[in-house]
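Comments concern the structure below.
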């Protein structure tokens, strides 16, 4: 039984309808667009049968289509474990055999033609041998090269692309396997993760990916200009897909996820959340930065430069019609603050530099920032006043940062104190960062929880208000804020929040 619903949106031009068969998870019809970039995440690829979904999605899109793949669920964690083993000199054999077995089950179940099966088995053996050779180079007595660790950790994406290609070809679907090095996706390493050069690939990549076939691209990594592999961070396949959408000027970026898009808070932690169907680019970026792990925080910037909408689908569908659960696009004009969600994240810390003139003396922040950068310490945020400058850091960097400032010894700094185990809780939405009403209600909600607020940041961004609270109080504050803004009868300036 099929269910149909038009997927029209203010951002997109559609000429056909889209529907899923909920029994087989197969797409029956899709919209016709000039070029679409599609990303299928690891949360979707949990078992052999899920590769059938990749085939069905790819087959039903009009050509050309670019499908960016993550590794199967759990594979990257296994590769991290294998990397640790080989560096200690342990035998990585058991993990490699598990990887082989997981991926062998895919083509055994989904590839019917005997010849195609033999080719798929040969492909998997080649991948296993190459992975073993890479492990030997990374062993204590090996001769590892720059980028070998990243190359090993990206092997799950390479396997996913090869297996998806085997499934598609068995069904007579013309496709091409492409790796970032094939496409010339070069990146620079930064403290917050590698960032792809959007203008390097140029016309050559556009011509290559606009040919009328299904292009299967490995996500999660890119290459430096010297050819060494660099990782894009957890969830980096979203960023890979966003960069390709930008380079190709795609009509949209479609993300197939294991969750039903954005909600007003994490439903695993907060009861009574609501779906958020539309967000602006800034709102989505702030929610992801503040802990909503729906997509990679850096994925918003490349598409926002060209007003390319991001559409988030849940896969497999829960029930009934499948249409985009959330659409991210240009910010719609609003008469007043419109709150989209509450997000939170652990693992922050505060470092405060105090002194009578510390906020007045020119160059203090830049001097300290350079010193922290030299130690590869990323500054998440800076809060300043006349007598205090506070840096928000990752908890793992706090001790190194304090040591760096002690070594720098700025004369205007009379004291340095630190606060470990701090959580960030954010209220996100259009114009909330400049709303006195939102700020008052945010602080009042935290006060009702009886917590000590380490810091408040409002006005730095129009789309967010940040609270920094003790880590054990994070959930209480997040739930109280959600009840304040999204509970029964909650209103803002006389209008519903969403």
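In the working numbering, the protein residues as written are 39 to 536. Note that beta-carbon positions come from the ideal geometry of N, C-alpha and C, so glycine has one too. All values reported here derive from a predicted model rather than from experimental measurement.
Residue(s) in a DSSP beta bridge with residue i
i	result
residue 426	392
residue 215	254
residue 295	352
residue 318	367
residue 386	432 and 460
residue 259	269
residue 376	468
residue 332	Paired residues: none, contrary to the question.
residue 381	464
residue 419	430
residue 225	234
residue 301	313
residue 81	Looking at the DSSP assignment, residue 81 forms no beta bridge with any residue, so it has no partner.
residue 36	For the chain, the structure presents residues 39 to 536; residue 36 sits outside this window and is missing.
Straight-line Cα distance separating residue j from residue i
i	j	result
residue 162	residue 328	39 angstroms
residue 69	residue 100	Reliability fails at residue 69, whose pLDDT of 38 lies under 50, so the model's placement of it is uncertain and the value that follows must be treated cautiously. Spanning the two alpha carbons is a distance of roughly 8 angstroms.
residue 456	residue 421	14 angstroms
residue 506	residue 248	47 angstroms
residue 198	residue 108	7 angstroms
residue 270	residue 152	37 angstroms
residue 361	residue 397	51 angstroms
residue 188	residue 259	8 angstroms
residue 213	residue 77	16 angstroms
residue 377	residue 468	7 angstroms
residue 302	residue 472	20 angstroms
residue 299	residue 332	7 angstroms
residue 180	residue 499	49 angstroms
residue 126	residue 170	15 angstroms
residue 354	residue 86	14 angstroms
residue 106	residue 75	8 angstroms
residue 60	residue 313	Summary for residue 60: the model assigns pLDDT 34, below 50, so the residue's position carries little reliability; its value from the coordinates is reported in the next sentence. Their backbone Cα atoms lie some 21 angstroms apart in a straight line.
residue 264	residue 111	30 angstroms
residue 454	residue 428	10 angstroms
residue 292	residue 90	18 angstroms
residue 483	residue 434	29 angstroms
residue 317	residue 474	22 angstroms
residue 494	residue 391	17 angstroms
residue 280	residue 81	18 angstroms
residue 394	residue 231	36 angstroms
residue 121	residue 138	16 angstroms
residue 266	residue 218	11 angstroms
residue 308	residue 418	25 angstroms
residue 191	residue 519	39 angstroms
residue 297	residue 350	9 angstroms
residue 93	residue 147	13 angstroms
residue 491	residue 234	37 angstroms
residue 145	residue 88	12 angstroms
residue 311	residue 141	37 angstroms
residue 382	residue 461	7 angstroms
residue 133	residue 118	10 angstroms
residue 470	residue 245	43 angstroms
residue 116	residue 290	33 angstroms
Segment limits, alpha helix (DSSP H) that includes residue i
i	result
residue 411	402-412
residue 456	Unbroken run through residue 456 is the beta strand (DSSP E), 453-468; no alpha helix (DSSP H).
residue 276	274-286
residue 199	193-208
residue 523	512-524
residue 399	Note, residue 399: premise wrong, no alpha helix (DSSP H); not H, not E.
residue 482	474-486
residue 341	338-342
Residue i at chain D interface by Cβ criterion, 9 angstroms
i	result
residue 236	Of the protein chains in the structure, only one exists, and it is not chain D.
Supposed close pair residue i, residue j - CB separation, criterion 8 angstroms
i	j	result
residue 113	residue 182	So it is not a contact: roughly 21 angstroms between Cβ atoms.
residue 496	residue 324	That belief does not hold up - the Cβ atoms of residue 496 and residue 324 are roughly 13 angstroms apart, past 8 angstroms.
residue 229	residue 411	7 angstroms
residue 149	residue 206	Not quite, the Cβ-Cβ distance comes to about 10 angstroms (not below 8 angstroms), so this is no contact.
residue 256	residue 196	5 angstroms
residue 458	residue 387	5 angstroms
residue 21	residue 515	The requested residue 21 does not occur in the structure, where the chain is confined to residues 39 to 536.
residue 319	residue 380	Actually they do not touch by this definition, with Cβ atoms about 19 angstroms apart.
residue 9	residue 436	What is shown of the chain runs 39 to 536, which leaves residue 9 out entirely.
residue 384	residue 509	5 angstroms
residue 276	residue 337	4 angstroms
Terminal residues of the beta strand (DSSP E) in which residue i lies
i	result
residue 268	267-269
residue 495	493-496
residue 508	502-508
residue 76	74-78
Counting only runs of 4+ residues fully inside the region 97-178, write out the alpha helix (DSSP H) ranges in chain order. 113-126, 131-148 and 152-176
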